[in-house]
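Written as structure tokens, this is what we have:
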């Protein structure tokens, strides 16, 4: 159908004024349809389901409008018959926030020197090093996380070191393990945008700074940092926001305890069979994500940087 | 949509025609229902089973004997399976729900009533597994493996000697303890530990759940999961683990000091089943597959692989000696009374289970 329409209407299109390099907006249609089907429709379903009731039998929802899923986020009808403010989900959201923040800070600290170092190599070396940073993407995230689990397991190399030192210290199945997993997975997402900014930086400007008597830190703070700031802001967005909704690290490395919001959501669609509540939690997570995107946009707009966010 | 369904219908017709022809070729006709029961076919049978719960060698043997290729896919919980079947046509011919889930699937009209008891090998179903609550007279389901959920303990850990009950398990506070990530198993064990009788595990009395929740408040295992248990006990990372008896058997094969504890308040007896979902594209192949698996020799081979007892009479003759002599697999006479069917609760009771379980997992 679409193809026929384009064909019959193409003479009309030719009459329109088109700038060089411009083409019919209809060519965007497949992409738009794809995005609507894979993003807009699922979000709409999530939103609608969050206002419905759980099915009496089986999984799924019953078409009875209710706000109970949202009430359930903050109010708990306790087993002793009393009603109380429910801190459980607020705590889980706070956990997710803290883990993501730590992940962002640590990946930023690790990425700055790495990205700067790569950016200052010769071009052939740079290409090789960038390829090396993207190398982990060649392997499934599940397998990499599993590998990390073996590594930090009590019986693995890391646990062995603690054992030999006589320390009764365990990393695996603790929040620390979850955060290590997040840092490991998200590090390339911080390095690459910072590198992209740093690569465009004209290092003769830094030399000029030195020539005019500035110390290393001053050069970094006043000349280098402002130039690579768009990369840093992109990196923060690319790490913090997906980390907030992470599931795998907490599930596999954190001991399967519901420590992050995504784990609680997954549980609602599995064991708990409470889709409306899972949807309400998802709506909350989407809301938080949009909020952080807006905050980062605001920061980048105020600093006048060109940040590639979306 | 319409064309897709027609396409599928014609495929089924084609397979049925082939099967009819092959049935005509062979003269044997011992089928109880209309016409001979098919014994060989063409094409595929799509099986959806729990992870690591079917012997790959047996699937090859099935293909060699019947000419039907097996396509295997796996799931990790009854709820995952239910969600898939409820979402609509899945392309699966045989799926493997547990007891209570069969009951719910029958109620939701998700299963085909194929009169499994009337299959040629239906006569092999153990008498005590024939009139089960989830399928009286075995109209929908064939027995697969069955077992109990208790505690596996590596006796090199001195705490093992101190655990004889669920109450001990929840209160001992030992290191290297793992719990299953299973709402029904965890909460029902806590209910048993706080004095709820087996027949009363689906109570809607909130005070009972409050007591269970208070008990769980102090229970902080190292890990809550259902899939890495065997490897963790073998590696020595975990010593005391809530476990299915077949897992305990497989742990013992590698770590002889592992013992399976039957908690004295009682434990859940579960039974998995082979069923055919509505809309199965290869119905006859599914029947052939289920009938083949009810052969004592084939059932025994699956037991030898999974470490669980099965529901087929006469299979013991083909079972491995270490399986038959393991008190974890074959319940000792004095423990039989402890095992009661996994509770199949009302929505109201299930919601209370969920509430206790969620409070526990988010409070870790």
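Chains as they are written, first to last, in this note's numbering: chain A, 26 to 335; chain B, 7 to 370. Built from N, CA and C at the ideal position, the CB exists for glycine as well.
Can you check whether the C-beta of residue 248 of chain B is within less than 8 Å of a C-beta belonging to chain A? Not closer than 8 Å to any Cβ of chain A, the Cβ of residue 248 of chain B fails to qualify, so no.
Candidates B:87, B:312, B:52, B:307: closest to residue 325 of chain B by CA position: B:307
Pull up the CB-CB distance for residue 93 of chain A and residue 86 of chain A, whole angstroms please, since I reckon it's below 8 Å. Not confirmed; about 12 Å, so no contact.
Just to make sure I have the definition right: I need the residues of chain B whose C-beta is within less than 7 Å of the C-beta of residue 282 of chain A. Which are they? 230, 367, 370
In whole angstroms, what is the alpha-carbon distance linking residue 170 of chain A and residue 274 of chain A? 7 Å
Are the C-beta atoms of residue 146 of chain A and some chain B residue less than 8 Å apart? False, the Cβ-Cβ gap to chain B never drops below 8 Å.
Taking the alpha-carbon of residue 225 of chain A as reference, which of A:198, A:270, A:251, A:247 has the nearest alpha-carbon? A:251
Quick check on this structure: which residue in B:367, B:317, B:350, B:66 has the alpha carbon closest to the alpha carbon of residue 134 of chain B? B:317
Residue-level contact to chain A via CB, residue 210 of chain B, 8 Å cutoff: no
Taking three-plus beta-carbon pairs below 8 Å as touching, is the segment 181 to 188 of chain A in contact with the segment 105 to 122 of chain A? no
Let's see if you can read the secondary structure: which residues bound the beta strand (DSSP E) around residue 185 of chain B? 183 to 185
Taking the straight line between their C-alpha atoms, what separation do you get for residue 202 of chain A and residue 153 of chain A? 30 Å
For the segment 94 to 125 of chain B, enumerate the residues whose C-beta is nearer than 7 Å to any C-beta of chain A, in chain order. For the segment 94 to 125 of chain B, the beta-carbon criterion of a distance under 7 Å to any beta-carbon of chain A is satisfied by 110, 113, 114.
Can you name the residues of chain B whose CB is closer than 7 Å to the CB of residue 83 of chain A? 88, 92, 110, 114
Run through DSSP, which three-state label would residue 145 of chain B get? Three-state result, residue 145 of chain B: coil.
When the Cα of residue 77 of chain B is compared with those of B:169, B:256, B:292, B:42, which residue comes out closest? B:292
Using 8 Å as the limit for Cβ to Cβ distance, is residue 106 of chain A near chain B? Chain B contact via Cβ: present.
Please classify residue 72 of chain B as buried or exposed, where buried requires at least 16 other C-beta atoms within 10 Å of its C-beta. Taking a 10 Å sphere around the C-beta of residue 72 of chain B, we find 16 or more other C-beta atoms and assign the residue as buried.
Does the beta carbon of residue 270 of chain A sit closer than 8 Å to a beta carbon anywhere in chain B? no
With DSSP as the reference, identify every bridge partner of residue 225 of chain A, one or two as the case may be. Per DSSP, none; premise fails for residue 225 of chain A.
Using a Cβ-Cβ cutoff of less than 6 Å, which residues in the same chain neighbour residue 3 of chain B once the five nearest sequence positions on both sides are dropped? Coverage of chain B is limited to positions 7 through 370, which leaves residue 3 of chain B absent and any answer about it impossible.
Consult DSSP for residue 33 of chain B and reduce its assignment to one of helix, strand or coil. Its pLDDT being 32, under 50, residue 33 of chain B is placed unreliably by the model, and the measurement read from it follows with that caveat. Residue 33 of chain B: coil per DSSP, three-state reduction.
Check whether the segment 56 to 71 of chain A and the segment 284 to 300 of chain A touch, using three or more Cβ-Cβ pairs below 8 Å as the test. Contact between the segment 56 to 71 of chain A and the segment 284 to 300 of chain A is absent: fewer than 3 CB-CB pairs across the two stretches fall below 8 Å.
If I measure Cβ to Cβ from residue 3 of chain B and keep anything under 7 Å in the same chain, skipping five residues before and after, which residues do I get? Any property of residue 3 of chain B remains undetermined from this structure, which presents chain B solely from 7 to 370.
Which residues in chain A sit within 9 Å of residue 354 of chain B, going by Cβ to Cβ distance? Those do not exist, as residue 354 of chain B stays about 10 Å from chain A at its closest Cβ, beyond 9 Å.
What are the boundary residues of the alpha helix (DSSP H) that includes residue 52 of chain B? Where residue 52 of chain B is concerned, there is no enclosing alpha helix (DSSP H), although the beta strand (DSSP E) it sits in stretches over 50 to 56.
Check whether residue 277 of chain B and residue 149 of chain B have beta carbons under 8 Å apart: yes
Cβ separation of residue 214 of chain A and residue 260 of chain A, assumed to be a contact under 8 Å, to the nearest whole Å: 7 Å
Per the DSSP calculation, residue 277 of chain A is bridged to which residue(s)? According to DSSP, residue 277 of chain A bridges with nothing at all.
Three-state secondary structure (DSSP) of residue 180 of chain B: coil
What does the Cβ neighbour count give for residue 25 of chain A, buried or exposed, with the cut at 16 atoms within 10 Å? A question about residue 25 of chain A goes unanswered here, because the residues of chain A that appear run from 26 up to 335.
Beta-carbon gap between residue 68 of chain B and residue 125 of chain B smaller than 8 Å: no
Checking 8 Å against the spacing of the C-beta atoms, do residue 224 of chain B and residue 177 of chain B come in under that value? yes
What number of angstroms, rounded off, separates the C-alpha of residue 13 of chain A from the C-alpha of residue 197 of chain A? This structure leaves residue 13 of chain A out entirely; chain A is present only between 26 and 335.
Three or more C-beta pairs below 8 Å linking the segment 286 to 305 of chain B and the segment 138 to 157 of chain B: yes
Interface residues of the segment 282 to 305 of chain A facing chain B [CB-CB below 8 Å]: 282, 283, 284, 289, 292, 294, 295, 296, 297, 298, 299
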